[in-house]
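So the protein lines, in turn, are chains A and B. Heads up: the first sequence runs through residues 1 to 799, numbered per my numbering. Heads up: the second sequence runs through residues 800 to 1105, numbered per my numbering. Worksheet: one structure, shown below.
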Amino acid sequence: MEQAGDRMPDRKIIPDGKFQTVGKSVPRVDAFEKVTGRAKYADDLSMPHMLHAVCVHSKVPYASVKVNAEKARSMPGVVLVLTEKDFPKPQSMLDFWYCTDHPKFCGDVVAVVAAETRTQAENAAAEVKVLSEKLSGVYTVQEALAPDSPVIRDKGVGLYNGMPDPSGKGNVFLESYHPLRKGNVADGFARSDVILERTYATGFVEHAYIEPESVLTYYDDVNQLLTIRSCSQQGHMPREFVADALRLPMNRIRAVQCTVGGSFGGKFEMTGLMCARAALVTQKTGRPCKITYTREDSILESAKRHPFYTTIRIGADQNGKILAYQARQLENCGAYNNQAPWMNIRAMVHSAGPYEIENVWTDTFGVFTNTLSPCAFRGYSSPQVIFGNEMIMDELAGELGISVLDLKRKNLLRKGSRTATGQELIHETILADMMESVAAETDYERKEREYRNQTGRWRKGISLVTSYRGSALGGEGVDSSGAMFTALPDGSFILNAALMEVGQGLRTVYAQIVSEASGIALDDIMVEAVDTHHIPDSGLTVASRGTAQGGQSVKMAGEKMKEMLLESAAELLHAKPEELILENSICCVAKEPERRITMAEICTYRKYAGLPLATYQWYIPRPLVNDEKTGQGEAFTTYAYGVTVAEVLVNTGTGEVKIERVTAAHDVGKAINPGLIKGQIYGGIMMGIGFGLWEEVRVPGGKTEDTNLDAYHIATARDVPDIRIRIFESRDPEGTYGAKCIAEAATEMTGTAVALAVQHAIGKTVRRLPLTMERIVCALDGDAEENIAGGLPPLPDVR
Amino acid sequence: MLIRDYIRASSLEEASERYAAGGYILFAGGTDLMVKARGKKWYQDKTFLDISGLQELKEIREEENFLCVGAAVTLTELEENREVRERLPLLYEAVRSVGSTQIRNRATLAGNLANACPASDCIPALVTLGAQVEVYGGKGKRVIPAEQIFRECRACLRHSGMHVRTCYYSDPTEKKLILEPGEMICGIRIPFPKPGTGHWFYKLTQNRTIGMAVMNLSMTVEPDERGKARRIRLSAGGIFPRPVCLETVRGKNAGKSLREACLEQAVNAIEQEKDLLADYPYKRRVFPELIEEGLEALLPDGEEDS
C-alpha cells in the first residue's frame, strides 16, 4: 500500500545500532496461527456436556417488564431460564445490569435461556414472553435536557447556566463532568477581532470487530475453579464481573485469555456481563456454558462510541492568534455508563486542540438517554474532539482570510508551550515541524488553492489535520504494570504479562522489549497468555498504554533477568559481570569472545545452585498532579503528535466520496516495531474513514435497525486509498525505550480529515458526522444550515 | 434456519412436477434464500428444491440474435464468458457489480431476477436490453418480456436499505412475479444490442461494499445509420416499485433535444411515485443526477438535436 512517494525518509533520532530487536519489524509471534486458521477463538472452544445460552433482549428501550418463561422452560432441551430474581446481584459494579426487569435501553437483557443445543436455546428464547409496560423515556440529548423531560436515572442532575448543577434533578451525569479553566476567557474574547461560535455533532459508532462476543464458563478439573474463557479484551475483568455477580471470592474464579478477534475498546463491560450470565448457568447446573452472540445481538447490546455535541466559541485577533477558547462537549451517555467519568478527563484535557491558548474555559459532561450504551472506543473521545476543533479552525481561517496552515503556524504547541491544562511541554515537541514536512510532501498549499474554484461533477478536496494525544493513561487512571520473567533449565524463557494481546501485536512487542532488555534471543522467549491465576492484575488494556507503560515492567523484568544471568555467568566464566556481554542468548567475555557460555548452562547451574530462576517486576509511573476543579496540572507524562492529510474526490451530483490518498504522520517516540505500527495505522485510517463518512448506528426512539453490517457500513478492502505513512521518532524519556503510543492516534484524525477534505471540495461547511452522501447533497443544496445547536442550552455565560 | 427438507432435482421435468405439487421453494445459488432464512421460521414447512445441478439449465448458448442463459448459470460463469463481456457489456458490468466474488460464484442470473428485489443490479440491465424470460410449467414453455414479468411491489420501497436480511418476502416468485402456480424460470434470452450501441451502468452505494445498491442505473444509447444517437433506453433500481424501461427516441420530443427529453421523462416518472418516495428525498433529488452523468458519458457534446 505504501507506494511510490516514499521520498521523505523516516526520521531517526536514536541510531538503530543501539538496539538488537527494538526498532525492527520482527514478524508477529502469533502470525502463523492466525493466517493458517489454527488460532482458536472463544466460540471455537467446546466441552463435554456444554450448555448453550441465549440472552433475551428487551427490544423496548424503557419499560417495566414481566417475564413469563413457562412455555420456554417446557421446550425440548431447555435446562433453565434465568431472570432478574435468579441473579444474586442483578446489577453489576459498573452500573450495567446482568439481567433486569426494568430495562433502560433496548439491549438490556431480561432473560437468559440455557439449553442442550444452540438451536434449542434459540427456539426457547423466542418463546419467552416479555410483557412490557412502556415508560416515557428520553431518546436524544435534546429531549434529555428539555425542562419537563422524564428523569431516567436517580443520580441524574440538572443544569444551571449551561453547567451541571447537583442541586437539581435531571438527566445530566454529574460524575462525568470535568471543567477546564485557564486564564480569563472573558478578557480574551473582549480583545478578539473575530469570534465564531459553532456546534458540531457526531453519532453512535459501532466497534464492528470481526469476532462477535463469545464466552465459555466451566469448573476446572483440579481445583473446581469457576473458569472463564472469553473474547474479553481485559484479562482480569471477567473475574471481577463473575465474583461480583455470584458473590464469590475472587480466588475461586479464574480467567484465561482466548485469541481475541478485535476489540478496539468494546470487549470490556458487555463481555464481562456475558461472563457472569454464563457463570451463573454453570454454577446452577455444574455444566459448562457457552454464550455466543449473533452480529445482531452484538450490535444491539455492545458498547458504542459516544456521540458528541461540541459547541465551540473561539476568539482570535486579526493576525490569527487565538485569544480565547470556550467549549461545551456534551455527550450522549446512554442509559448506563462506566466510561464517561474517565473518558471525559481525556476529552477535557484535549478540548482546546493542539494549540497554545492563554484563555480556555471548557465544560465536558454526559447526559443519560434511553438509547445505546457508549463505552470506550479507540480514541476515547479524541475523534469527536478533533472533529469540532479542526473544523472550527478551518472556519476561523476562512473568516480571517488566512490559510489554515498560517493559522496553525501561529498557534500550534511547541516545546516550552503550556497546554490547556497549564502543563509545560518539556519534551521534544515536533508537531510544527511534522506539519511543514507533510504539507510540503503532499503539496498541500498549492492543491488547496487550486481546488478552490472547481466546476464539474467530480471535484477534488484536500485537508490537513493536526492533533496531539496524551500518551497512555496519565492522569486518567492507574498506569502501573507488572511482569514476570521465568528462565527454564534448557535456556528457554517464559514471559507473563498482564496486558492483553487483542490483535494489536502486544505479545510480539513484549517479546522484543524483554529480549532487548535481557539479551535473550527472541526465538527463546514465549509470551504467555494472560491468566488471572498466573499474574497479578495490571489494570486495563486500554489507552494505547500497552507498549509505553505496560512495557515498562516487561523491560524491568528483562533487565533483572540479565543481571541474574550475568551474575551466574561471571562465576562460571571466572570473570566479572561487567566484563561480560549477553546478546542474542550468547554470553561471552567481551574481550575474549571464545570464552562463552550458553543460556542452558547458566540456567541449569542456577537450578542446582538453588538460585531464583524467575523475577517479578512492578512499575510505578511518576505521579501526576491535577486540580479537578480547574483541570489544571500535568495531565499526561508526555504527548504524541500527529498530522493527517486527506485527498478526496466528491461527486457533486450524488454526494459520493472517493478517498484518493491519505498521508498520515505520527510521532511515536520510538518505533519498537515499525511494521506493526504501520499495520495499526492502515487499520486506523480505514476505521477513521468509516467514522467520517459512513458509520452510524441510528437510534430513532431508542430502537435501531442497523444491527448488521449490511445496514451499518464499515470500510471494505475496496475502499482502501493510497496510504502514505510517515513514522517520526522523537527523543522522549517517558515511555518504554522512548515509545509513546499509536493504536488510538492511528484513527483519531482520519474522520475529520476526510470530512474537511469534502468541505473543501464542495465549498460548503459541514458540521455533522458521518458525512453521508445524503448530508453532502443537503450541504450542496444549502440545507446545511440545519440548526445543530437547536434544543441545546446556550454556552455558559463567562463574563 | 429450519427447512423441511432439501432435494436436488435430477431433471427439469422432475423439478417441474414437484414444484407444481406445492410445498417447494426453488433453490439455485441460495444467496438470497440463505440470508433471508437466517433466524426465521419461514421455510420450516417448505422443501428447498435445488435446480443448480441440472445440466439443461447450465448452458450459455447463442440463438439467432440472442444469448440464452440457463437458469442455473452463475454470475461468475457469465462474467467469464467472452460473448457477455464483448457483446453484452451492459450486462457484464451489472453482473460484476453484484455482491462479492464468493456470492457471484453461487448466485444465478435467473435467481437474481426471480428474487425480484427492486435494488437488484441485474434486473435493470435485463430490462434495458429487452431480455425475455423463458418460463417452464405444466402447459409447456412460454416467453415473457422481462419488463412484464414483475408485479408492482410498493412495500419493497418502504423497506429502508432493501437488505436481503430484512426482505419482507419469503417466496418472491409468488407475490412479485406474474408466474402461474408451478411455473418456473428456466432461462433468460438477451438480445445483442445493435452494433455501436453505447452503454452505461452505475451502482450508487455509500462505500464500496458487497451490499445492495442505494440506486443503480442501466442505460443504452442506440445509434442510427449515421452513428448519431437515436434511441435511449434506461432502467433504474432502488427507486421504482416495479422495474420499468424508459425509452426516448430522437425526433419525437416536441422540439426538445434527446437529452432533455430523456431527463424530463425520468423526472416525470419519479414524480408519479412521489408519495411512495416521500421518505426518500435523497433518491428523488439524485436520480436525475445519475441520468445526467450517464448522458454526459454517452452523448458527446454537440450531438444533440431535436
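Note that the Cβ used here is the ideal one computed from N, Cα and C, for glycine as well. Quick caveat: nothing in here was measured; it's all calculated off a predicted structure.
Chain-ordered neighbours of residue i on chain A, where CB pairs are closer than 7 Å
| i | result |
| --- | --- |
| B/E1092 | R457, G653 |
| B/N1084 | The question names Asn, yet the displayed sequence has Arg at residue 1084 of chain B. Residues of chain A passing the Cβ test: V777. |
| B/Y842 | None at all; the shortest Cβ gap to chain A is about 15 Å. |
| B/L935 | The question names Leu, but residue 935 of chain B is Tyr in the sequence shown. Residues of chain A passing the Cβ test: none, with the nearest at roughly 33 Å. |
| B/Y891 | Simply none; closest approach about 18 Å. |
For residue i, the three-state DSSP class (helix, strand or coil)
| i | result |
| --- | --- |
| A/P593 | strand |
| A/H760 | helix |
| A/S730 | coil |
| A/M500 | coil |
| A/V478 | coil |
| A/M842 | The shown model of chain A, from 1 to 799, leaves out residue 842 of chain A, and the question about it has no answer. |
| A/V643 | strand |
| A/D531 | strand |
| A/S92 | coil |
| A/M270 | helix |
| B/F1086 | helix |
| A/V800 | Within the shown structure, residues of chain A are numbered from 1 to 799, placing residue 800 of chain A beyond reach of any answer. |
| A/G398 | helix |
| A/N332 | strand |
| B/E879 | coil |
| B/C952 | coil |
| A/L709 | coil |
| A/T310 | strand |
| B/C966 | coil |
| A/L429 | This sequence places Thr at residue 429 of chain A; Leu is not what is there. Coil at A/T429, not helix or strand. |
Contacts that residue i makes with chain A (C-beta to C-beta distance below 8 Å)
| i | result |
| --- | --- |
| B/Y805 | Per Cβ cutoff of 8 Å: no residues; B/Y805 is ~17 Å from chain A at best. |
| B/V894 | Within chain A, no residue comes near B/V894; the closest Cβ sits about 17 Å away, beyond 8 Å. |
| B/R1007 | T716, R718, D719 |
Contact list for residue i against chain B, beta-carbon separation under 8 Å
| i | result |
| --- | --- |
| A/E660 | Ordered by position in chain B, no residue passes the 8 Å Cβ test against A/E660, which lies about 13 Å from the chain. |
In DSSP terms, what residue i is bridged to
| i | result |
| --- | --- |
| A/T227 | A/Y218, A/R254 |
| A/V130 | A/V67 |
| B/M1014 | B/L1003 |
| B/E1046 | B/R1032 |
| B/P1080 | In the DSSP output, where bridge partners are listed per residue, B/P1080 has none listed. |
| A/D722 | A/R661 |
| A/D627 | Paired residues: none, contrary to the question. |
| A/I581 | A/C588 |
| A/L495 | A/F485, A/V527 |
| A/M163 | A/Y160 |
Beta-carbon neighbours of residue i, restricted to chain A and to distances below 9 Å
| i | result |
| --- | --- |
| B/G1010 | L709, D710, A711, H713 |
| B/L1089 | G653, T654 |
| B/Y818 | None at all; the shortest Cβ gap to chain A is about 28 Å. |
Residue i Cβ short of 7 Å to the ligand NAP heavy atom set
| i | result |
| --- | --- |
| A/G791 | Summarising the ligand content, the structure contains no ligands, and the ligand NAP is consequently not present. |
Counting pairs of Cβ atoms below 8 Å between the region 581 to 591 of chain A and the region 510 to 525 of chain A, do you hit three or more? yes
Positions along the region 949 to 972 of chain B whose CB lies within less than 9 Å of some CB in chain A: S959, G960, H962, V963, R964, T965
Do three or more CB pairs link the region 766 to 776 of chain A to the region 199 to 215 of chain A at distances below 8 Å? yes
Segment contact, 8 Å Cβ cut-off, at least three pairs: the region 604 to 615 of chain A with the region 558 to 570 of chain A
yes
### Query
Does the region 532 to 550 of chain A come within contact of the region 474 to 494 of chain A, defined as at least 3 CB pairs closer than 8 Å?
yes
| query | Can you list, in chain order, the residues of the region 746 to 780 of chain A whose Cβ is nearer than 7 Å to any Cβ on chain B? | reply | T772, M773, E774, V777
* At a Cβ cut of 8 Å, what residues of the region 355 to 368 of chain A count as close to chain B, listed as they run along the chain? -> none
Of all the residues that make up the region 979 to 1006 of chain B, which are near chain A by a beta-carbon distance shorter than 7 Å? L1003, Q1005, N1006
Point to revise | Inter-stretch contact (C-beta, 8 Å, three-pair minimum) for the region 928 to 940 of chain B and the region 667 to 685 of chain A | key: no
Mind the definition here: the region 92 to 109 of chain A touches the region 61 to 80 of chain A only if three or more C-beta pairs lie below 8 Å; say whether that holds. yes
| query | Within the chosen definition, does the region 277 to 295 of chain A reach the region 169 to 188 of chain A through at least 3 CB pairs nearer than 8 Å? | reply | no
- request: Could you list the residues in the region 669 to 700 of chain A with a C-beta less than 9 Å from some C-beta on chain B, going in chain order?
  value: I689, G690, L693, W694
Q) For the region 811 to 838 of chain B, which residues have a CB atom closer than 8 Å to at least one CB atom of chain A, in sequence order? A) G838
Can you confirm whether the region 366 to 375 of chain A touches the region 328 to 344 of chain A when touching is taken to mean that 3 or more C-beta pairs between the two stretches lie within less than 8 Å? yes
Take every Cβ of the region 116 to 136 of chain A, pair it with every Cβ of the region 69 to 80 of chain A, and state whether three or more of those distances are shorter than 8 Å.
yes
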